[in-house]
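Comments concern the structure below.
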Amino acid sequence: MVTIKDIARAAGVAQGTVSNVLNGKGNVSSEKIKRVMDTAHELGYVPNGRAALLRKGLSNSLAVIMPDSRARQYEDFYFSFKSYAQSCGYTVTRHMANENTPASEEEALSEVRPLLVKGIACISSVAGTPYEENIYKEGSIYKEEGDLPGMLFVERRPGFQSDFIGFDYEEAGAGMAREAIRRRYTNVCLLTGNLCYSNEADFYRGFMETMDGCSCQVTHIQTDSFRRYQNIMQIFNGPMPQAFFISNYGFAESVKDICLTFYGTDKPLEIYTVSPVFTMPENDFTKYEMNYRQLGKVAAEILIRQADEEEAGGKREEWSRVMLESSGFRDWYSNIIVPRDKKPLNVITLDSPEAYIMRNFSRLYTKKTGTRVNICIYSYDEIYEAFNTLNQSSNFDVLRLDVTWLSWFAEKLLMPLTDIDPAIDRSFGEFLDGTLKHYARVHGRIYTLPSTPSVQILYYRKDLFESPIYKRMYFEQFRTELAPPRTFQEFNRIAAFFTRSVNQASPVDYGATITMGSTGVAGSEYLARLFSHQENLYDGSREIHLDSDVSIRALKELIEVKAYTARDYCSWWTNTARSFATGNYAMSILYSNYASDLLGHASNIVGKIGYTMVPGANPVIGGGSLGVSKYSEHPEDALSFIKWMCSEPISSAASLLGSTSPCKKTYENYEVLHNFPWMNLSKECFTLTRGGRIPEQSGMAFDERKFLSILGMAVKNAYSSISSPEVSLRNAQEQFERYFKSRF
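Take the position in the sequence shown, starting the count at 1, then add 3; the result is the number in my numbering.
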């Protein structure tokens, strides 16, 4: 085993220097850091994580004790718990216990005690069972040298007073029983786990009490993860039940497998099961969903809060008991109208990742309603021309409008949604704060629903920014810390540092990507800089000056990046994302709805992506909304499709495939956030962004396309050195004043 002494000898430095480098401490030169890191790599040094944790002692660590079953709900709980804890600066260790070996939980507690953690979340294998007393009684490992800190029992209540968090399993059982009664079943199977566990006992009680007095025969089978197959086979000793009601998703999968493998069925199995939340639709079971990802997050919150209170000297007066609300039977087809007339719906949308996702989901809509949905995908220029020529002979029912085009096209092309559904505002509570203002309302009226809100985010190579070598090199050169830039002056300085033609020590060729395709795209790239200096396009005097000193400064900041990026700039954000994913750039400003390409199969930066607010914290928003064409012959059906596409759970499923979501619940979905962690940041941006083109009180429409054409041409001319920034923007201001009002 390679030691610090071995590395010090081979690198020709002191042991203290090696220790400082490996622990990220001390004032060590970049040359020595590189020598130590290279030597450690050559010798095959592997840090001892457990030893490091023991050295840290009480410095922010938590533990999770859980069954060694790989059940989906427990994995959801653990990874969400860990993710939230790590975001708060805590480390997390996981310790497994075997449900059939009670002593294994005692062993897990023995592992945790020397780690001096600040809190423990425990999905106990013995809570409520006859073995509970042996492990948690006085004199046990649990009581040895005083209570372990912050013990929070999860899902299964122990028989003694303790902190607890879980779901209302009794209501879940009652909800399932109500379904059995509603469907008028006469013979069902109730399958549960060990009734010693409080969640299983609660589920059983809720089901049986609700079924009491009805004529349905209930066959109850009790099992566990080790004996489930043998126990399930008992079902088939008598008549096949009409339906199965199951307390555990893993048991439900076993029932399905046995039924299909050994018995076969001429009709689909009717299986109802308690289940973790599934983001993608699936048809095997009717699921009563419980959000175990949310359970993990809240459990971590409780333990961290308790640790903070204890550290502050607070004294707890009572035990904590938290019951989270279940998602229940989520309806994938809420808001849908099944029309008598099966005329197809025609949708026009911009070519983007979410367009193809919409096309796929439209098949589900067709399957449910019988209405064919035609998704017509147009380029940026084509869709603008289509909107300009839209008339009564046009066949489009649903229009996808870019957020910046709403002001110009909404009143010209769309029906106010309140004219179709006066109660449309009932659904507004599910949307993210700030999205209705930008993506739905035009001059006080609702014309669209937000569908794919997105925002510019700065993505960067986290591995480079956190590298001790480059952090030290940057500090030695600029006497300031290497960190994500807060201004575009800092952005350009970092871009230069990570450009190999400027700094031979750079590990990548280029410091930043740049997106400069059409005039509209170039204008968007420039506005990111401009809005870092001023809140809106108009100034404090309510005047628009495209050639102001601030505007010129912003353009010069953009032009400077030319020296730190590839000669062939990216033409569209899809290209930008794929270029950054090659691993040859240090930073990239990208709209969040294109960021899924960073994780494509050819990406070289998976696990290395950092993200933060764009410099200036006034990001440009993008994405779009869905509205009903004023020429549609069946607006009610069109609005039905829009509501469905813009609602939970469809929006969450679309997000998991790489789209973005307008719904708050998506941003509580750990499966989505685990894949695209920057979504939590994008959620915050919609209330922060300003970027208004003209004062809202003016009540005027604004032709964004014409504006970006004028501005983008000036940007491209200056970027290509055809004219200076001053001349380019002066010409832009003159053109702007010919078409637009510049004073309000």
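Here a beta-carbon is modelled for each residue, glycine too, at the ideal position from N, C-alpha and C. As the structure is a computational prediction, the values presented were derived from the model and not from experiment.
Between the Cα of residue i and those of the options, spot the shortest distance and give me the residue it belongs to.
i	options	result
glutamate 304	Gln89, His637, Gly27 and Glu674	Gln89
alanine 246	Gln225, Ile380 and Ile274	Ile274
arginine 362	Ile380, Tyr291, Lys371 and Lys345	Ile380
aspartate 3	Pro244, Val120 and Leu263	Any question about residue 3 goes unanswered here, given that the chain covers just 4 to 747.
arginine 556	Phe491, Lys565, Lys345 and Ile517	Phe491
lysine 646	Val730, Asn720 and Val401	Val401
lysine 719	Ser527, Thr663, Gly702 and Lys668	Ser527
leucine 629	Glu78, Leu601 and Asn349	Asn349
alanine 106	Phe84, Thr132, Gly122 and Tyr93	Thr132
aspartate 205	Arg187, Ala177, Arg185 and Tyr232	Ala177
arginine 116	Asp287, Asn394, Asp384 and Ser64	Ser64
glutamate 321	Asp436, Gly153 and Met179	Gly153
asparagine 394	Leu409, Lys415, Leu298 and Arg403	Lys415
serine 551	Lys633, Arg185 and Val730	Val730
Measuring only the C-alpha atoms, how far is residue i from residue j?
i	j	result
arginine 375	phenylalanine 399	13 Å
histidine 536	glycine 610	32 Å
glutamine 225	serine 591	55 Å
lysine 37	isoleucine 7	15 Å
alanine 508	valine 21	22 Å
histidine 637	proline 488	50 Å
leucine 485	lysine 465	11 Å
glutamate 563	leucine 711	21 Å
phenylalanine 583	asparagine 678	18 Å
methionine 99	aspartate 71	5 Å
glutamine 18	tyrosine 477	25 Å
glutamate 752	isoleucine 68	In the structure as shown, the chain starts at 4 and stops at 747, and residue 752 therefore has no counterpart that could be examined.
alanine 717	glutamate 740	14 Å
arginine 160	proline 284	32 Å
glycine 695	leucine 530	11 Å
valine 95	phenylalanine 82	10 Å
isoleucine 351	phenylalanine 167	51 Å
glutamine 738	isoleucine 713	7 Å
phenylalanine 332	glycine 523	45 Å
asparagine 734	alanine 525	16 Å
proline 244	glycine 432	41 Å
proline 680	valine 16	40 Å
valine 5	threonine 42	11 Å
asparagine 30	arginine 475	9 Å
tyrosine 336	serine 643	10 Å
With DSSP run on the structure shown, which of helix, strand or coil describes residue i?
i	result
phenylalanine 170	strand
isoleucine 427	helix
glutamate 546	strand
alanine 302	helix
threonine 226	coil
tyrosine 634	coil
histidine 446	coil
alanine 17	coil
glutamate 729	helix
alanine 130	coil
lysine 140	coil
lysine 8	helix
lysine 318	coil
alanine 704	coil
serine 329	coil
serine 22	helix
isoleucine 592	strand
aspartate 400	coil
So residue i and residue j are supposed to be a Cβ contact under 8 Å. How far apart are they, rounded?
i	j	result
glycine 169	methionine 326	6 Å
phenylalanine 747	tryptophan 411	Not a contact, Cβ separation roughly 17 Å.
leucine 306	leucine 155	6 Å
glutamine 692	proline 622	Here residue 692 turns out to be threonine, not glutamine, going by the sequence shown. Rounded, the Cβ-Cβ distance is 5 Å, consistent with contact.
leucine 593	isoleucine 360	Contact doesn't hold; Cβ gap of about 18 Å is too wide.
glycine 196	aspartate 227	6 Å
glutamate 687	cysteine 666	Actually they do not touch by this definition, with Cβ atoms about 15 Å apart.
valine 191	phenylalanine 248	6 Å
threonine 568	isoleucine 517	5 Å
alanine 124	phenylalanine 84	6 Å
serine 250	glutamate 203	6 Å
Can you find a C-beta in chain C that's less than 8 Å from the C-beta of residue i?
i	result
leucine 435	No chain C appears in this structure, which consists of one protein chain only.
**Unbroken stretches of the alpha helix (DSSP H), 4 residues or longer, contained in the segment 461-535** = At a cut-off of 4 residues, the continuous stretches assigned as alpha helix (DSSP H) that sit fully inside the segment 461-535 are 465-468, 471-481, 491-500 and 522-533.
**Prompt:** If you scan the segment 601-684 from start to end, which runs of the beta strand (DSSP E) of 3 or more residues do you find wholly inside it?
**Reply:** Unbroken beta strand (DSSP E) runs of no fewer than 3 residues, entirely contained in the segment 601-684, are found at 612-615 and 624-631, following chain order.
**Item:** In chain order, each alpha helix (DSSP H) run of at least 4 residues that lies wholly inside the segment 353-377
**Value:** 356-372
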